[in-house]
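Using this note's numbering, the final residue of the sequence shown is 543, and nothing's skipped along the way. A short write-up of the structure that comes next.
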Amino acid sequence: MVIFGRGTSIAKRKVLLAIFLTTVFISILYVNAGEQRKSLCSCSESILDASQYTQQTNGHFLSVVQRRPCHLRQYNMEDTVSCLDRLSSIDPSAEGQQRNKFHIAFVGDSRIRIQYLSFLKLIPDYDRNSKMDPTAKHKDADMVSPMFGDLLISFRWRPLIAGKVVDDLIRWIDILDNGIHRSKNSSDYPPDVLIIGMASWDMLQQEGDDHLWYQDGVQGLVPLLQKLMFHDKDVLAATSSDVRHRKIIWLNQYTTFDFFADNGGANRVVYKEKLQHYNQIVRQILRGSGITVWDSGDVIAEEAVRACKLHHRYERVKDYMSVAYINCKDYIHAGYVALQQMTQLLYNDVCNN
Numbered sequence: 191m192v193i194f195g196r197g198t199s200i201a202k203r204k205v206l207l208a209i210f211l212t213t214v215f216i217s218i219l220y221v222n223a224g225e226q227r228k229s230l231c232s233c234s235e236s237i238l239d240a241s242q243y244t245q246q247t248n249g250h251f252l253s254v255v256q257r258r259p260c261h262l263r264q265y266n267m268e269d270t271v272s273c274l275d276r277l278s279s280i281d282p283s284a285e286g287q288q289r290n291k292f293h294i295a296f297v298g299d300s301r302i303r304i305q306y307l308s309f310l311k312l313i314p315d316y317d318r319n320s321k322m323d324p325t326a327k328h329k330d331a332d333m334v335s336p337m338f339g340d341l342l343i344s345f346r347w348r349p350l351i352a353g354k355v356v357d358d359l360i361r362w363i364d365i366l367d368n369g370i371h372r373s374k375n376s377s378d379y380p381p382d383v384l385i386i387g388m389a390s391w392d393m394l395q396q397e398g399d400d401h402l403w404y405q406d407g408v409q410g411l412v413p414l415l416q417k418l419m420f421h422d423k424d425v426l427a428a429t430s431s432d433v434r435h436r437k438i439i440w441l442n443q444y445t446t447f448d449f450f451a452d453n454g455g456a457n458r459v460v461y462k463e464k465l466q467h468y469n470q471i472v473r474q475i476l477r478g479s480g481i482t483v484w485d486s487g488d489v490i491a492e493e494a495v496r497a498c499k500l501h502h503r504y505e506r507v508k509d510y511m512s513v514a515y516i517n518c519k520d521y522i523h524a525g526y527v528a529l530q531q532m533t534q535l536l537y538n539d540v541c542n543n
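As structure tokens, this is what we get:
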């Protein structure tokens, strides 16, 4: 390989040589990093709990539970298909019997709804049967795929800490207690994975010491969530280390944009410090319950807030810019880019085990 041609000056040769050697060095580092990444195991324990991954080096995470470096997978549709095949396969605990449909339920407010829609984007549309009105934001939705063993992924519009969400949990527990394995009504089918979260609507509707109302509401949900999660076990004696029949994830409230936008002054009621207080209440109540508190996406939301702050300060807002990608005018919901990163965390948590 010819690097230098005739007539090339000494200074220019030195520059070209430096560039060539730097390129070779970077290529070697890239290859070595790729090989090292392949040799690392996938992060599979407590991925959604930020406190379980205290350090990050060279793109790798140090897991407190696994006690060794691990890496997160970047899930695509092919990976998703493999995951769904495993989830809908024969249940080894059923002595070779075909398992019932695997149900992933998203229950909560609009933040849960956009997480539900983001989760569906990585599931191929082979035979998906969706029952959802795209124009109706405050309604339930179902997605069923017979190809994946009647996989059911549902959304339940439950914006308040009390009310319908309590009815859902009681109904699911009653179905389990009575040994009903299948139900024609998909909303009655107990979920194997439950992603739940709500707070903003309680803030908007309650006055005064609304955190006390919210605190009482969360405390009232815990026994029902544990009964669903540790079914057929003594809930009072169950600990977070016990084998869970179902996985329950509580989605934290994300950091919000505190500048005032055209939202009718609602962010005078829903703001950063208040959301952080609610998050502290939830973490304190759920500690040791076995319910996963999903807060590893907080840093992504905070970075989105910082980017929007810079965007408003240094850039002109263009009419043609898609608010779905940045959502800088939205003081509660994450934009598309941040949401996709959070969805990757959820897929790693559900599929890596």
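In this text, a Cβ means the ideal position worked out from N, Cα and C, and glycines have one as well.
Asked	Found
Give the straight-line distance between the Cα atoms of arginine 276 and leucine 402, rounded to the nearest whole angstrom.	42 Å
Check whether the stretch 470-482 and the stretch 402-414 touch, using three or more Cβ-Cβ pairs below 8 Å as the test.	yes
Between the beta-carbon of phenylalanine 309 and the beta-carbon of leucine 536, is there less than 9 Å?	yes
According to DSSP, is arginine 503 part of a helix, a strand, or is it coil?	Here arginine 503 scores only 49 on pLDDT, less than 50, and its place in the model should not be relied on; the value that follows carries that caveat. Here arginine 503 sits in helix by DSSP.
Quick check: the Cα distance between glutamine 530 and leucine 350, rounded to an integer number of angstroms?	25 Å
Mapping DSSP to helix, strand and coil, what is isoleucine 490?	helix
Give the DSSP-derived three-state secondary structure of proline 349 in the structure shown.	coil
What first and last residue would you give for the alpha helix (DSSP H) that runs through isoleucine 304?	300-310
If aspartate 317 and serine 335 are in contact, beta carbons under 8 Å, what's the gap, nearest whole angstrom?	6 Å
Considering only their Cβ atoms, is the gap separating aspartate 488 from tyrosine 444 smaller than 9 Å?	yes
With distances taken between CB atoms, is the gap from aspartate 340 to serine 272 smaller than 9 Å?	no
Look at phenylalanine 296 and arginine 361 and say whether their C-beta atoms are less than 9 Å apart.	no
In chain order, what residues of the same chain have a beta carbon less than 8 Å from the beta carbon of arginine 436, not counting five sequence neighbours either side?	Pro380, Pro381, Asp382, Val383, Leu384, Leu418, Met419 and His421
I'd like to know whether the C-beta atoms of isoleucine 343 and histidine 293 end up nearer to each other than 9 Å.	yes
Can you tell which of Ser479, Tyr468, Asn442 and Ala528 has the C-alpha that lies nearest to the C-alpha of leucine 176?	Here the chain comprises residues numbered 191 to 543, so residue 176 is not present and cannot be evaluated.
By a C-beta neighbour count over all protein chains shown, 10 Å radius and 16 as the cutoff for buried, is lysine 321 buried or exposed?	exposed
By alpha-carbon positions, which one of Leu230, Asp299, Leu307 and Leu312 ends up nearest to leucine 274?	Leu312
Going by the beta-carbon positions, is the gap between valine 356 and methionine 388 smaller than 9 Å?	no
Give the straight-line distance between the Cα atoms of lysine 327 and leucine 307, rounded to the nearest whole angstrom.	11 Å
Using a 10 Å radius around the Cβ and a threshold of 16 neighbouring Cβ atoms, would you call arginine 348 buried or exposed?	buried
Identify the residues that DSSP records as bridge partners of phenylalanine 296: which are they?	Phe345 and Ile385
Rounding to the nearest angstrom, what Cα-Cα distance links methionine 267 and leucine 359 in this structure?	31 Å
Should serine 241 go down as buried or exposed, given a rule of 16 or more other Cβ atoms within 10 Å for buried?	exposed
Roughly how far, in whole angstroms, is the beta-carbon of arginine 263 from the beta-carbon of serine 236, given that I think they are within contact range, below 8 Å?	Going by Cβ atoms, the distance from arginine 263 to serine 236 rounds to 16 Å, so no, they are not a contact pair.
Assuming valine 540 and serine 479 make a contact with CB atoms under 8 Å, what is their CB distance in whole Å?	Their Cβ separation, rounded to whole angstroms, is 19 Å, which puts valine 540 and serine 479 out of contact at 8 Å.
Where does isoleucine 363 sit, in a helix, a strand or coil, going by DSSP?	helix
Residues in the same chain with beta-carbon distance under 7 Å from serine 390, minus the five sequence neighbours each way, listed in chain order, please.	Asp299, Val460 and Ile522
Would you grab the beta carbon distance between isoleucine 438 and leucine 415 for me? Rounded to a whole angstrom, and I think it's under 8 Å.	5 Å
Could you tell me the alpha carbon to alpha carbon distance between aspartate 392 and alanine 352, rounded to whole angstroms?	9 Å
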